[in-house]
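Have a look at the structure below before the remarks.
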Amino acid sequence: MEQQKKRVFSGIQPTGTFTLGNYVGAVRNWGALQEEYDCIYSVVDQHAITVRQNPADLRRQTRETAALFLASGVDPSKSILFVQSHVPAHAQLSWVLGCFCPFGDLTRMHQFKEKSAKHPEDINGGLLTYPILMAADILLYGTDLVPIGKDQKQHLELARNIAQRFNGIYSETFPIPDGYIPKVGAKVMSLQEPEKKMSKSDTNANAVVRMLDEPDVIMKKFKRAVTDSDNCVRADETKPGVTNLMSIYSACTGKSFEEIEREFEGKGYGDFKTAVGESVVAVLRPVQDEYHRILADKEYLDDILKQGAEKANAAAAKMLRKVYKKVGFLSL
Ligand code: ATP
Ligand code: LTN
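Right, dumping it as structure tokens:
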């Protein structure tokens, strides 16, 4: 009998045009994983409303995010691509899992602390329970592997804990998912404040390279990137700006840090920044071309999302039924 392929699940919030960080940290790997795994990828719009969104923008960005997935190599004939709110089982399982998650685990999440500090006027329940919904996304499909950037490791750990607790009480239900975190590019930092991660929702335009930035804009952002004053291309904890640029260059060219240090020995930051910018432009250009082509055909895109929702609904219903039965919900 043919062995069943392992399951991969990942998601991205439609909170803006995604960044070079989202791409090299997460989405770039999604296409390659399809060959070996049964992959499910989702535009997680329910997560996005934990921070106030303009409805028209959210709708538009949901389609745009799906188009970027496709442009980045997600193939709907191999993987399931869908929008989270089209599959009600995510919210349904989230309620059950929330009853197996200690309150204290939620309040110590880095993302909760960061986002509460950033939006002190709106620290809502959704922001706190965000990781429970993420656990539901993952566990609903019996996921084995979750491709994410390093910033999501703590959330994945929480999902594993919930799964273990549930399995311990009700017998084996959920496989325990592992993370799939790339070695280079797992955390791309802001070009302006290299101690902070590059984030979609950053309002400082120069800090973030967007997937759809034109080549001249990308080059300008790298020229303005914050470095230091010793004019030496070397990776070092005391040189976060330069180290970040080296990681980006390494992620885009496949060169090791030693090779990069050798390449720029005796050269200034000017040459280095130009090379980094050009390597990013070269990686992003084919994705951008494909994106514009896909987004121009809304019908095709919506059709993929409709089929994706149907398949995801069918897969999700099985696990939800199992969980409802285990916890003792009456079925008629
Ligand atoms: P927001 O600013 O709205 O919080 P974000 O840029 O942090 O958005 P998410 O939608 O939260 O993006 O993340 C999508 C995926 O991209 C996740 O797997 C996350 O780990 C990864 N990711 C996000 N930022 C980076 C980064 N700077 N470097 C590497 N991976 C990243
Ligand atoms: N929390 C993630 C997005 C996300 C996700 C998921 C990632 C929601 N559900 C399930 C992997 C698996 C983020 O903000 N990066």
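The sequence shown begins at 1 in the UniProt record's numbering and counts up one residue at a time.
Beta carbons are placed, not taken as given, at the ideal position from N, Cα and C, and that holds for glycine.
(request) Can you give me the start and stop residues for the alpha helix (DSSP H) that L305 sits inside? (result) Looking at the DSSP string, the run of the alpha helix (DSSP H) that includes L305 is 298 to 327.
(message) Could you check if I148 belongs to the surroundings of the ligand NAP, using beta carbon to heavy atom distance under 7 angstroms?
(response) As presented, the structure is devoid of the ligand NAP, carrying the ligand ATP and the ligand LTN as its sole ligands.
(request) Return yes when at least one heavy atom of the ligand ATP lies under 7 angstroms from the C-beta of M109, else no. (result) No, the Cβ of M109 stays beyond 7 angstroms of every heavy atom of the ligand ATP.
(message) Per DSSP, what are the beta-bridge partners of Y170 in this structure?
(response) DSSP, once it has assigned bridges, lists no residue as partnering Y170.
(request) Indicate the three-state DSSP secondary structure (helix, strand or coil) for V280 in the structure shown. (result) helix
(request) Can you tell me which of the three DSSP states S42 falls into? (result) strand
(message) What would DSSP say about Q13, mapped onto helix, strand or coil?
(response) coil
(message) At the level of alpha carbons, what is the spacing between K318 and E121?
(response) 40 angstroms
(message) What I want to know is whether the C-beta of F9 ends up closer than 7 angstroms to one or more non-hydrogen atoms of the ligand LTN.
(response) yes
(message) As a quick exercise: from F18, V96, A26, pick the residue whose alpha carbon is nearest that of F329.
(response) V96
(message) As an exercise, report each continuous beta strand (DSSP E) stretch of at least 3 residues that is fully enclosed by the stretch 138 to 219, in chain order.
(response) 145 to 147, 178 to 180
(request) Spatial neighbours of A235 within its chain, please: CB distance less than 6 angstroms, with the 5 preceding and 5 following residues excluded, ordered by chain position. (result) T243, M246, F257
(message) Excluding the 5 residues flanking A136 on each side, which residues of the same chain have their C-beta closer than 6 angstroms to its C-beta?
(response) H90, L93, S94, L97
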